[in-house]
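Numbering (the numbering used here), first residue to last: 265 to 616.
Idealized CB from N, CA, C, for every residue including glycine.
Fair warning: this is a prediction, and the values are worked out from it, not measured in the lab.
For reference, the structure is listed below as structure tokens.
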């Protein structure tokens with residue numbers, strides 16, 4: 265019998281070594297089983313893509329049964345703050361992180377564009393079913409220059425429409441919001457007074473607005489407009505459509521009055537150029553529906569363990585391939601295939 269000596273000077277027999285070798289496959293099985301255990305990814309942020317991410321969370325489990333996605337719609341500002349704080353596995357925002365925000369993320373961050381969409385101008389004016397708002401009128405309403413529904417500028421946009429003399433009740437977001445950024449970014453791009461008075465911001469002061477109402481998230485704004493006569497607000501297109509709220513036609517760069525639609529958003533975003541960091545600001549597109557923007561997932565470059573990193577890569581790879589087929593169903597634009605390839609190359613080679 266061959267004798268082996270341990271570092272402690274004690275002898276063991278070859279039969280014991282054989283037993284240890286025999287156990288090796290068991291350890292391999294355990295490790296493999298651990299890798300297949302359920303992984304939960306917790307995210308929070310923008311309400312704009314919440315219906316889409318909720319659908320992603322359900323559908324992805326058909327391919328990855330052990331992968332669970334939780335997403336809390338708290339607004340883009342909250343998503344950015346929690347991403348910086350490291351309290352989530354991923355964040356969501358319709359306003360791309362600034363360089364200063366990115367520098368605060370301890371484990372590094374990648375901006376992953378997942379969808380685009382339109383922000384609808386919604387209204388509740390008794391007796392008015394169709395409303396048109398020009399590039400001059402819309403910013404004037406939300407900067408407080410126009411205060412009543414029968415203002416001459418609104419009447420000029422809507423010949424033959426019986427507009428009431430009631431005051432305009434503007435409904436805006438109560439929270440820091442990417443939807444607000446998309447809306448104010450467009451109004452700032454087309455109107456100098458609005459740009460100087462309010463500006464492009466996720467949480468503007470709304471200087472000049474009287475009796476302004478504030479709703480939490482897209483659902484909050486949609487609810488307030490639905491039950492407040494004489495009101496006007498802005499919500500993500502899908503919320504307006506799902507809640508059957510009247511949507512105004514707004515004037516684009518070509519001078520056309522267009523209602524929000526998937527086709528109009530696609531036309532506006534078709535020629536958008538994505539830089540290396542995938543951060544894009546759409547202010548005044550040349551075509552289509554003009555109040556449009558993109559939404560991003562914010563993921564870390566470094567995760568606490570390999571299993572978590574693998575799970576986030578599975579999520580992103582699925583969302584930008586199979587998941588994109590869902591976007592049209594919910595009236596979100598898809599990310600162009602060439603951009604998808606670039607994003608996945610960065611994610612798959614960087615996330616650890």
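task: Measure the C-alpha to C-alpha separation of residue 319 and residue 429 and round it to an integer number of angstroms.
output: 43 Å
message: Within a Cβ cutoff of 6 Å, which residues of the same chain sit near residue 369, ignoring the five residues on either side of it in sequence?
response: These residues qualify, in order along the chain: 348.
- prompt: DSSP on residue 442, reduced to helix/strand/coil?
  reply: helix
field: Where residue 560 sits in the DSSP three-state scheme
entry: In the three-state scheme derived from DSSP, where H, G and I count as helix and E and B as strand, residue 560 is classed as strand.
- prompt: Got a sec? Which residues, its chain only, sit under 6 Å from residue 455 by beta carbon, not counting five neighbours each side?
  reply: 403
query: From residue 540 to residue 564, what does the alpha carbon distance come to, in whole angstroms?
result: Rounded to the nearest whole angstrom, the C-alpha separation of residue 540 and residue 564 is 17 Å.
field: Segment limits, beta strand (DSSP E) that includes residue 619
entry: Residue 619 lies beyond the range of the chain shown here (265 to 616); nothing can be said about it.
- prompt: How is residue 477 classed by DSSP in three states: helix, strand or coil?
  reply: strand
Classification of residue 597 by the beta-carbon crowding that lies within 10 angstroms, buried from 16 upward: buried
field: Segments assigned beta strand (DSSP E), at least 3 residues, entirely inside the segment 329-404
entry: 331-337, 354-357 and 373-388
- prompt: Taking one C-beta from the segment 484-500 and one from the segment 427-443 each time, how about it: are there three or more such pairs within less than 8 Å?
  reply: Short answer: they touch.
query: Do you know offhand how far residue 464's Cα is from residue 301's?
result: 44 Å
Rounded Cβ spacing between residue 364 and residue 528 (contact assumed at less than 8 Å): Wrong, their Cβ atoms sit about 33 Å apart, outside the cutoff.
C-alpha gap between residue 587 and residue 506, whole angstroms: When rounded, the separation of the alpha-carbon atoms in residue 587 and residue 506 is 21 Å.
- request: Determine contact between the segment 342-362 and the segment 309-317, defined as no fewer than three beta-carbon pairs at a distance below 8 Å.
  value: yes
field: Straight-line Cα distance separating residue 549 from residue 308
entry: 29 Å
task: Determine the extent of the alpha helix (DSSP H) in which residue 613 is found, giving its start and end residues.
output: 601-614
field: Exposed unless 16 or more other CB atoms sit within 10 angstroms - verdict on residue 452
entry: buried
Buried or exposed by the 16-neighbour rule on C-beta atoms within 10 Å, applied to residue 516: buried
- request: Inspect the beta-carbon positions of residue 607 and residue 376 and report whether they are closer than 7 Å.
  value: Yes, the pair counts as a contact, with Cβ atoms nearer than the cut-off.
message: Here's the rule: buried if 16 or more other CB atoms are within 10 angstroms of the residue's CB, otherwise exposed. What is residue 493?
response: exposed
field: Cβ neighbours of residue 554 in the same chain (closer than 7 Å, five flanking residues each side left out)
entry: 450, 514, 516, 517, 532 and 548
- prompt: Of the residues 483, 490, 491 and 583, which one's Cα is nearest the Cα of residue 502?
  reply: 483
- prompt: When the Cα atoms are used, what is the spatial distance from residue 611 to residue 572?
  reply: 14 Å
- prompt: So what's residue 308 in DSSP terms, helix, strand or just coil?
  reply: strand
message: In whole angstroms, give me the CA-to-CA distance for residue 615 and residue 535.
response: 29 Å
- request: Please work out which residues of its chain come closer than 6 Å, Cβ to Cβ, to residue 414, disregarding the five sequence neighbours upstream and downstream, and give them in chain order.
  value: 427 and 429
query: Can you name the residues that DSSP bridges to residue 545?
result: Answer is none; residue 545 lacks a bridge partner.
message: Just to confirm, is the Cβ distance from residue 538 to residue 603 under 7 Å?
response: The Cβ atoms of residue 538 and residue 603 lie closer than 7 Å to each other.
Proximity to residue 344 [Cα-Cα], best of 561, 522 and 585: 561
message: What does the Cβ neighbour count give for residue 613, buried or exposed, with the cut at 16 atoms within 10 Å?
response: Under this definition residue 613 is an exposed residue.
- prompt: Taking C-alpha atoms, which residue in 438, 333 and 351 lies nearest to residue 477?
  reply: 438
message: Helix, strand or coil for residue 618? Go by DSSP, reduced to three states.
response: The structure shown does not extend to residue 618, since the chain is modelled only from 265 to 616, so the question has no answer here.
query: Excluding sequence positions up to five away, which residues of its chain have a Cβ less than 6 Å from the Cβ of residue 521?
result: 396, 513 and 515
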